[in-house]
Amino acid sequence: MQPDQHEIELTVNGTRYRRTVESRMLLSDFLRHELGLAGTHVGCEHGVCGACTILLESDPVRSCLMLAVQANGRALATVEGLASADGELHPVQQAMHAHHGLQCGYCTPGILMTMTAYLTEHPSPSEDEVREALSGNLCRCTGYQNIVDAMMDAAARMREEAS
Amino acid sequence: MSTRFFGAPVKRNEDRKLLTGQALFIDDVELPGMLHVAFLRSQVAHARLKHIDVSRARKRPGVVAVYVAEDYGDYWQPCPLLVQPPPIPGSTFNPRTQVPLARDKVRYVGEPLAVVVAESRYLAEDALDDIDVELESLSAVVDIERALKSSSARVHDDLGSNIAAHVHQMKGDYRKAAANAQIIVKRRFRYEHGISSPIETRGVVAHWNARGQQMTIWDTTQAPVFIRNGLAAMLGLGERQVRVIAPFVGGGFGPKIMMFYPEEVALPWISMRLNRPVKWIEDRLEHFVATTHERGQIHDAEIALAADGRILGVKDVFLHDTGAYNTYGLTVPINSQCTMLGPYVIPAYDSTFTAVFTNLPIVTPYRGAGRQHGVFVIERLLDLAARELDIDRAEIRRRNLIPPDAFPYNNEIIFQDFAPLSYDSGNYEPVLAKALDAIGYQRFLKEEQPKFREEGRCVGIGIACYVEGTGIGPYEGAKVQVQANGKVNVATGIGTQGQGHFTSFAQIVADQLGIDPSDVDIVTGDTDQFYWGAGTFASRGAVVAGNAVNEASAAVRRKALKLASDAFECAEEDLVLADGKVSIAGIPGKFIRLGELAQRANPMRGAVRPGTEPGLESTQYFGPPSGATANGVHAAIVEIDPLTFELKVLRYVVVHDCGTVINPMILEGQIHGGVAQGIGNAFFEKLAFDDQGQLLNASLADYLLPTALDVPRMELDHTVTPSPLNPLGIKGAGEAGAIPVGAVFAQAIEDALQLTSRKIELLEIPLSPSRLFELTRQEGT
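Chains as they are written, first to last, in UniProt numbering: chain A, 1 to 163; chain B, 1 to 781.
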């Protein structure tokens, strides 16, 4: 093995992967191009737009600001794992569809990951709190209003599921 | 035909793929043996290129090839002019188009100098550092006023000046109007529009299949058919050998229709040369300089009015920054020139502009496409005039609106589509009245604002009107085809970047053919699926392609009824087309499914009558004689902190008329997004260049896009004045949200801070907190 290659093993959406990667490979590139999980999108590669947000354990992180080697031994979740195995959409996905919370859909995976994590921890947020939680994800199409409505609705759907 | 779905807020067909991460975007295209491309870009704005040495880069392990302009040989040509200037008598237009790689001279920071092809993107970017470039710096042309001085450096050496174009258009006699005026208000205005900054940057993948002699190009373009035709010509291939696919595109808003970008020229050529698939994905830092901008204009404008506030005439002389090349013709400044007339009766208009070459990235349309600039000027002039004449701001607008019986209303001058600027239909006063009512205009001014002021709060109101020329030609087409499984396939030539075409077009088909919209598959942006078309721009997708889809579906409907009447040996009038089948009225059990009719339309045996076309399908084209004019009014109540100039939008109202509406949910989304971009434009988004043409804020951490905390909840309402120019009565809506926001906010901030009493006027956009601080300190008392 070349000196700068590292063997890593990690879990994504419950599937275990083992790969050899260069130390400088971004986690976002690793997920997209090595594992073929291209649902995670890359918008800026400097940690501002939020499109590449994934869950590390259960925390939202920007996969463009992490190296693949840093994810060694960790459990990740991406947009591909949100819907259930039988194809039923997660309440956050359902609400985004119901409220027209996406247009081009490019920022959507990052928003879904940010907000599923947020709503899991904050089941009854106010609209202002939802806006605050969303403010690290840029969307250029929707003006956010329908996303905010979708998240309020998703919170209600998730509360119902939990009860 | 029933209209069960047309006009209904049908949920989008395309959402599921996008929500589950399964939609194919450009960077998701993976091909075996694919190579990756990186571009070396100029770091100075203006220089003579003395020498490039790529020998070290070529030796780096993993690098497959490195090319400079000379390596392109005869393939190196200035790109063709994309948009011809309209035939306006007396105009000057000096076309200078971008080149595939800089040779001899660089003209803006970001212009590509060399291209590296390597086994990975990481390696390709590494090798950029190995290239040695020798440049002789020239002074950069950045300021559009100084650019016109004889002492200025010249962007294009062979031109005697930096004038890219000079255009004069007029109607009536402004001099006479001015002589008869009670007052004339004259000011200088500066309006800057930034970058569209879609969350997905640009990208190109090219795959030359030598054995099949076929080129496939995936491109984040808004106009795949033109890309195919142009690249086929450049590459010496037949158009049938080139397939261009615009996959899911992550936002466009204008700059993705620009062509040919140097990267679009490079990738297919490289793929042919190396006989391997190649990919280039723009990074965000490149995007700030390698993708086109819209930027700024300076207007010296005046308005002549009668004592009752009626406009007698408007005169405007403006400068337009076109950047280093003007391949997009005159679209942006012509839009500014035409849209300034707005929804008003302006009997005399005298408008001259000069487009100026600068050593800055290329300027092409971005959502609004110059309309913002014109709307800002006329709306601000009306505010100033209202104050001088002591007429209410809304009232002066109302008095000047074109009356409903004056349509079609001919504004005489030539628009971007080369046709006279004629408004097809409109009923403007109810739109204004609805907006005033919704925002509570009178109540705010009489009751609420005095209370806020007593409390020491700076709260103001703004209101602005606009028109938007939409849905221009030349044409679009659609092929509607019933499949044997009963599903319907529709192909059109336009690209799609989130406008919901997969749903709105499906709604049109569903009504014509009596099926559910979810049973309609739409294909856009694949030149092998549909051969002809122009593209998605100028708020024209729904208008032009939508009507083509309607025509083609109607033809398929007629075919289906004809086939069924033959099968049942009954009159077509006795047939009902619903629920995916044709049945005989009153005999529910007697029916034939659409899918079966499609099979029968392609029989394997037996004779058919001469003239019969196989398949249950039709291809139709639609071309409107000219654009349809939408209109609207935006109103806002804003609060501003007088110390920090932090701004809070308390209310935002949009009342809009875009003719008949296919899907109100999608329409509202378009308006929301437009307003959000307008807010970014009005407050944050300024491309800050230094005097050497360096962009100082080329990252999303420095060039701020509005977040969920900056965009308020919007209250929307509509009126419907159908367009007579197309059978569906549609007008475009894509850009409307973005157009008047700057004008609304300048007015509302002035009002909130009571700047008039301090003799401060806000005559520019953007108005960031720091800019407001400067303006109020400089000129304040």
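Glycine included, every Cβ here is placed at the ideal spot set by N, Cα and C.
- Cβ-Cβ distances below 6 Å link B:A688 to L696 and N697 in the same chain, with the five nearest sequence neighbours on each side left out; the list follows chain order.
- Taking CB atoms only, A:G43 has a neighbour in chain B less than 7 Å away.
- Under the three-state reduction of DSSP, A:P109 is assigned to helix.
- In this structure the stretch 716 to 724 of chain B does not lie against the stretch 442 to 457 of chain B, because fewer than three pairs of beta carbons, one per stretch, are closer than 8 Å.
- Straight across, the Cα-Cα distance linking B:A153 with B:F353 is about 21 Å.
- Inter-residue distance for B:P268 and B:A206 is about 5 Å (C-alpha atoms, whole angstroms).
- Closer than 7 Å to the CB of A:L76 there is not a single CB belonging to chain B.
- With respect to chain A, the C-beta atom of B:L716 has no partner C-beta closer than 7 Å.
- Neighbours of B:E613 across chain A, judged by C-beta separation under 7 Å, do not exist; the nearest C-beta is about 37 Å away.
- Just so you know, the alpha carbons of A:M151 and A:Y118 end up roughly 10 Å apart.
- By the C-beta criterion, the stretch 667 to 684 of chain B is judged not to be in contact with the stretch 755 to 762 of chain B, since fewer than 3 inter-stretch pairs fall below 8 Å.
- At a cut-off of 7 Å between beta carbons, A:V61 makes no contact with chain B.
- Your pair B:G250 and A:Y106 checks out as a contact, with CB atoms roughly 3 Å apart and the cut at 8 Å.
- Annotation for B:Q483: N489, G595 and A598 place their beta carbon closer than 8 Å to its own, counting only its chain and skipping 5 residues before and after.
- Between the C-alpha atoms of B:P517 and B:G486 there is a straight-line separation of about 12 Å.
- Taken in chain order, the complete alpha helix (DSSP H) segments of 4 residues or longer contained in the stretch 409 to 470 of chain B are 428 to 439 and 449 to 454.
- In this model, B:V155 and B:P361 are separated by some 12 Å (Cα to Cα).
- Residues of chain B with a Cβ closer than 8 Å to the Cβ of A:Y17 do not exist; the shortest Cβ-Cβ separation is about 17 Å.
- Counting of Cβ neighbours within 10 angstroms places B:E263 among the buried residues, the total reaching 16 or more.
- Taking a Cβ-Cβ threshold of 7 Å, none of the residues of chain A is close to B:K648; the smallest such distance is about 12 Å.
- The alpha-carbon of B:G742 is positioned some 12 Å away from that of B:C465.
- DSSP places B:V543 within a helical segment (H, G or I) once states are collapsed to three.
- Only S699, L700, A701, L705, P706, T707, A708, L709, D710, V711, P712, R713 and M714 from the stretch 695 to 722 of chain B bring a Cβ to less than 9 Å from some Cβ of chain A.
- With contact defined as three or more Cβ pairs closer than 8 Å, the stretch 378 to 386 of chain B and the stretch 182 to 190 of chain B are in contact.
- Taking one beta carbon from each stretch, the stretch 304 to 315 of chain B and the stretch 337 to 349 of chain B have 3 or more pairs nearer than 8 Å; the two touch.
- In this structure, the beta-carbon distance from B:R443 to B:V363 does not fall below 7 Å.
- For B:R367, the closest Cβ of chain A is not nearer than 7 Å.
- Take B:S139, set aside five residues on each side of it, and the residues of its chain with a beta-carbon closer than 6 Å to its own are A153, in chain order.
- Taking C-beta atoms as the reference points, B:F415 and B:G469 count as a pair closer than 7 Å.
- Taking a contact to require three or more Cβ pairs closer than 8 Å, the stretch 524 to 535 of chain B and the stretch 472 to 480 of chain B qualify as touching.
- Contact annotation: A:T11 and A:T40 have beta-carbon atoms that are not nearer than 7 Å.
- For B:G110, the number of other beta carbons within 10 angstroms of its own is at least 16, and it is reported as buried.
- Taking 7 Å as the Cβ-Cβ cut-off, the stretch 281 to 296 of chain B approaches chain A at D283 and R284, given in chain order.
- Contact of A:Y118 with chain B is not assigned, every C-beta pair being separated by 7 Å or more.
- Near chain B, meaning a CB-to-CB distance below 7 Å, the residues of the stretch 44 to 59 of chain A are C44, E45, H46, V48, C49 and A51.
- Within 10 angstroms of the beta-carbon of B:G589 lie fewer than 16 other beta-carbons, which makes it exposed.
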